[in-house]
Amino acid sequence: MVINWNQTGGSEARHARSRIRAAQYVRMSTEHQKYSTDNQASVIQRYAEERGFEIVRTYADEGKSGLRLVGRDALQALLDDTESGRSDYAAILVYDVSRWGRFQDPDEAAAIELRCKHAGIRVHYCAEQFENDGSIGSSIVKTVKRAMAGEYSRELSVKVFAGQAHLIRLGFRQGGAAGYGLRRVLVDQNQNPKAELERGEQKSIATDRVILVPGPKHEVDTVREVYRKFITENRTEREIAEILNARGILSDLERPWTRGTVHQLLINEKYIGNNVWARTSFKLKQSHVRNPEDAWVRADEVFDAIVDKNSFIRAQAIIGARSDRLSDESMLNLLGAILAKNGHLSGIIIDEAEDCPSSSSYTSRFGSLLRAYALVGFVPDHDYRYLEINRALRRMHPHVMAEVMERIRAAGGTIEQDLSTDMLTVNHEFTACIVIVRCFHTGAGLLRWKLRLDTELNPDLTIAIRMDSKNAEPRDYYLLPRLDMHTAVLRLCEHNGLSLDAYRFETLNTFYEMSARTLIEEAA
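Throughout the sequence shown, residue numbering follows the numbering used here, covering 160 to 683 in sequence.
Listed below in structure tokens is the structure:
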């Protein structure tokens with residue numbers, strides 16, 4: 160096509176051709192509406208129009224904390240695109256310096272900009288009063304602003320903690336499930352009850368508060384029975400769990416009882432009406448730490464107790480006596496045996512172990528669980544068990560491929576395998592990849608799977624095999640059509656809307672008799 164620049168509209172065409180392609184990154188903060196992604200985008204758009212940029216791509220992290228890079232998928236996608244050479248723009252437009260993050264280490268924010276710069280892409284801060292031109296002045300201002308952003312988060316954290324601690328002392332619940340035998344009730348600013356909150360529900364009005372109240376009578380009776388069997392009948396937590404499970408009684412999480420869940424019921428002060436908070440801390444999203452008992456925030460007898468105080472004290476005495484008669488060396492030997500058996504340690508694992516002091520006993524004896532861990536040679540921050548699991552899954556992959564190919568051929572289909580990539584071509588119609596997805600456990604004991612789609616091969620269909628909780632056998636299968644995604648990572652929970660639970664390879668025979676179009680539509 161030939162453009163005549165003397166015709167009407169030629170100046171606009173020249174202007175459009177001269178504009179610089181740019182991407183914008185926006186992150187929504189919760190501290191003030193002025194930092195909403197829409198308002199950021201408006202400021203960036205005005206800056207682009209004034210400076211001759213054309214915004215061709217948007218990366219948006221909405222409702223994401225700026226304290227860490229973890230969990231900010233859009234920012235990670237931006238960095239991946241720029242460093243891999245997939246970016247089709249020459250500049251990145253950001254609202255201000257703090258949008259990269261309010262990191263406690265200002266060098267983290269500087270490193271993000273540096274990674275873009277090394278990829279040949281310049282960063283522009285659209286709402287700042289300085290030009291990001293690499294001059295000494297701009298470098299000094301950026302450093303100061305990054306430090307100020309981190310300090311703002313630190314000061315806000317202190318204020319929020321103080322406010323939450325004050326509410327705890329007033330007798331209000333701050334987060335967390337109620338627990339078996341208890342319920343959360345919403346009250347207004349005058350402490351008039353409004354409604355009972357279901358699991359997962361949160362208050363929506365800032366002046367409302369949450370308190371704990373006794374739950375259904377049968378649950379309250381069960382809690383009291385647990386204490387009675389433990390104190391007067393000398394039953395162990397394991398025996399009590401077996402009794403409850405034999406009756407078909409489930410825990411508050413709708414799961415069978417275990418030694419650990421019974422133990423937690425016996426040691427939690429909320430059952431005698433005490434409000435205890437800040438046993439652990441995750442301030443500024445840096446690291447989880449167990450706080451010493453004198454740092455806990457508490458208010459005694461602020462809820463209606465469902466267990467009398469004397470019973471609770473007797474239960475603690477029985478639990479404490481288990482470790483009182485043991486020397487430090489004996490306790491560590493028991494802990495070492497648990498480590499050898501499980502390969503790692505946690506409070507729940509210790510509480511689940513038979514004939515062993517509780518995790519709270521180790522905390523009391525050695526000052527903290529981490530110190531007890533260190534004394535038996537366990538460092539929880541460096542858990543390399545997943546490496547061996549990955550090796551086992553890689554050894555499994557060729558056998559899975561061979562079984563799939565055999566069954567497709569048995570069903571009358573044709574299949575070809577690219578030995579360099581393991582890409583499968585079925586019936587000369589569509590391509591497929593098989594991915595085995597490792598299961599991992601969260602700190603709360605939930606199961607999660609992280610599925611990475613192959614964006615380079617970009618198959619028509621991905622067959623994802625989710626492993627069970629022990630990574631020993633397939634749990635279920637997912638059929639995923641080609642997806643247009645900014646990130647190639649899917650994070651799966653135990654139950655997902657697109658789940659094909661209990662799907663087995665036997666049913667692949669009928670699926671592969673379909674056309675490629677029908678198969679993809681069925682999977683979607």
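All C-beta atoms, glycine included, are put in the ideal place defined by N, C-alpha and C.
It should be emphasised that the depicted structure is a prediction, and the values quoted were computed from it without experimental measurement.
- When secondary structure is reduced to three states using DSSP, H377 falls in the helix class.
- With contact defined as three or more Cβ pairs closer than 8 Å, the stretch 343-352 and the stretch 376-394 are not in contact.
- Taking all protein chains shown into account, C652 has fewer than 16 neighbouring C-beta atoms within 10 Å of its C-beta and is therefore exposed.
- When C-alpha distances from V596 are compared across G604, L610 and T584, the shortest belongs to L610.
- In this model, K429 and L485 are separated by some 29 Å (Cα to Cα).
- The secondary-structure analysis by DSSP pairs I624 across a beta bridge with I595 and Y636.
- Below 8 Å, too few C-beta pairs join the stretch 315-329 and the stretch 282-297 to call them touching: fewer than three.
- Leaving aside the five residues that flank G338 on each side, the residues in its chain whose CB is nearer than 7 Å to its CB run, in chain order, D411, N427 and K429.
- By the neighbour-count definition (other C-beta atoms within 10 Å, threshold 16), V466 is a buried residue.
- Per DSSP, the continuous alpha helix (DSSP H) segment holding P265 begins and ends at P265 to H277.
- Annotation for I280: no alpha helix (DSSP H) segment contains it, and DSSP assigns it neither H nor E.
- Counting the other Cβ atoms within 10 Å of the Cβ of I507 gives 16 or more, which makes it buried.
- Approximately 6 Å separates the beta-carbon atoms of L238 and R274; this is inside 8 Å, confirming the contact.
- Out of I370, V185, L498 and A250, the CA that lies nearest to the CA of E221 is found in V185.
- Using a Cβ distance threshold of 7 Å, L491 and L529 do not count as a contacting pair.
- The alpha-carbon of W416 is positioned some 7 Å away from that of L409.
- Between the alpha carbons of A405 and Y311 lies a gap of roughly 54 Å.
- Relative to the Cα of R342, the nearest Cα in the group H325, E360, L326 and L329 belongs to E360.
- Sorting G322, D635 and V585 by C-alpha distance to the C-alpha of G571 places V585 at the top.
- Ranked by Cα distance from E209, the options L403, S195 and I179 are led by I179.
- Residue T573 holds the alpha-carbon nearest to the alpha-carbon of E588 among L329, A400 and T573.
- Within the stretch 390-429, the complete alpha helix (DSSP H) runs of at least 4 residues fall at 396-405 and 418-426.
- In this structure, the CA atom of S298 is about 12 Å from the CA atom of E272.
- For the pair S363 and V369, the Cα-to-Cα distance works out to about 11 Å.
- In the pairwise beta carbon analysis, the stretch 452-466 is classified as not touching the stretch 493-510: fewer than three pairs are separated by under 8 Å.
- The three-state reading of DSSP puts R216 in strand, counting E and B together.
- Listed in chain order, the non-local C-beta contacts of A233 below 6 Å within the same chain comprise Y218, A219 and D220, local neighbours out to five positions each way being set aside.
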